[in-house]
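See below for the structure under consideration.
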Amino acid sequence: VPVFPWHSLVPFLAPTQSD
Amino acid sequence: PSSALPSYFMKGSIIQLADGELKRVEDLRTEDFLQSAEVSKELKIDSSTVERIDSSRTPDAVIIQFSVGEHKVQVCVEVLVEYPFFVFGQGWSSCCPDRTTQLLALSCAKLSVGDVCISLTLKSLR
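For the protein sequence lines, the chains are B and W, in the order given.
Take any residue in the first sequence, count from 1 to its spot, add 91: that is its number in our numbering.
Take any residue in the second sequence, count from 1 to its spot, add 3: that is its number in our numbering.
Here is the structure:
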């Protein structure tokens, strides 16, 4: 049975910050 | 189109939290994500508020505009209507919960404008 890491389930919404 | 979502969204999938604990995807709670991110050196949880949901030119897809993090950065993602997001305090939610349940057997609420989703960013963007 495959086991998936928790962070696979969360979208990576990476803002490009400029500060 | 072959619009298969990743298999980890399928009901019954085994998910490993940062502390090693195993849970089924349908049993995950907000705290599981928050606690796992706390352990992580690289990732942190950000709040992403749904600002708009627009139809896409791609069949069965939508374009969701999020306001991400404390800086309220606007981020758009195009996803299939059945793609589940985890809403703080509510759980799995998608634009078309019936379809998500049909395809993945995962119970979902309806994702709406104003919902605050769990998302990830890097702890340090430097």
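Each residue gets a CB set at the ideal place from its N, CA and C atoms; glycine is no exception.
Owing to the predicted nature of the structure, the values given are computational and were not obtained by experimental measurement.
Report yes if the CB atom of residue i is closer than 7 Å to the CB atom of residue j, and no otherwise.
{"i": "W/Asp118", "j": "W/Val28", "result": "no"}
{"i": "B/Leu104", "j": "W/Val82", "result": "no"}
{"i": "W/Trp95", "j": "W/Leu109", "result": "yes"}
{"i": "W/Ser51", "j": "W/Ser97", "result": "no"}
{"i": "W/Ile130", "j": "B/Val94", "result": "Any answer about residue 130 of chain W is impossible in this case: the structure gives chain W only from 4 up to 129."}
{"i": "B/Ser99", "j": "W/Tyr11", "result": "yes"}
{"i": "W/Val84", "j": "W/Arg102", "result": "yes"}
{"i": "B/Pro96", "j": "W/Gln38", "result": "no"}
{"i": "W/Leu124", "j": "W/Lys26", "result": "The residue asked about is misnamed: residue 124 of chain W is Thr in this sequence, not Leu. Not in contact: W/Thr124 and W/Lys26 (Cβ atoms no closer than 7 Å)."}
Mind checking if residue i is an interface residue toward chain B, Cβ cutoff 7 Å exclusive?
{"i": "W/Thr104", "result": "no"}
{"i": "W/Thr52", "result": "no"}
{"i": "W/Ser115", "result": "no"}
{"i": "W/Leu123", "result": "yes"}
{"i": "W/Val78", "result": "yes"}
{"i": "W/Ser127", "result": "no"}
Using a Cβ-Cβ cut-off of 6 Å (strictly less than) and excluding sequence neighbours within five positions of residue i, which residues of its own chain qualify?
{"i": "W/Met13", "result": "Leu107"}
{"i": "W/Val90", "result": "Ser96, Asp118, Cys120"}
{"i": "W/Arg55", "result": "Gln68"}
{"i": "W/Gly72", "result": "Asp49"}
{"i": "W/Val80", "result": "Ile67"}
Go through its chain and collect everything with a Cβ distance to residue i's Cβ below 8 Å, but skip five positions before and after it.
{"i": "W/Ser43", "result": "Ala21, Lys126"}
{"i": "W/Arg32", "result": "Gly94"}
Using a C-beta cutoff of 7 Å, does residue i count as contacting chain W?
{"i": "B/Val101", "result": "yes"}
{"i": "B/Val92", "result": "yes"}
{"i": "B/Leu104", "result": "yes"}
Kindly identify the DSSP beta-bridge partner or partners of residue i.
{"i": "W/Cys111", "result": "DSSP, once it has assigned bridges, lists no residue as partnering W/Cys111."}
{"i": "W/Gln77", "result": "W/Ser70"}
Leaving out the 5 sequence neighbours to the left and right, which residues in its chain are closer than 7 Å to residue i when beta-carbon positions are compared?
{"i": "W/Cys111", "result": "Pro87, Trp95, Ser96, Ser97, Pro100, Thr103, Thr104"}
{"i": "W/Phe36", "result": "Ile48, Phe89, Ile121"}
Near-chain B residues of the region 14-33 of chain W (beta-carbon distance less than 8 Å), N- to C-terminal order: Ser16, Ile17, Ile18, Gln19, Leu20, Ala21, Leu25, Val28, Leu31
The region 82-98 of chain W: positions lying closer than 8 Å to chain B by Cβ: Phe88, Phe89
Against chain B, which members of the region 36-70 of chain W pass a CB distance test of less than 9 Å? Phe36, Ser39, Ala40, Ser43, Leu46, Ile48, Asp49, Ser51, Phe69
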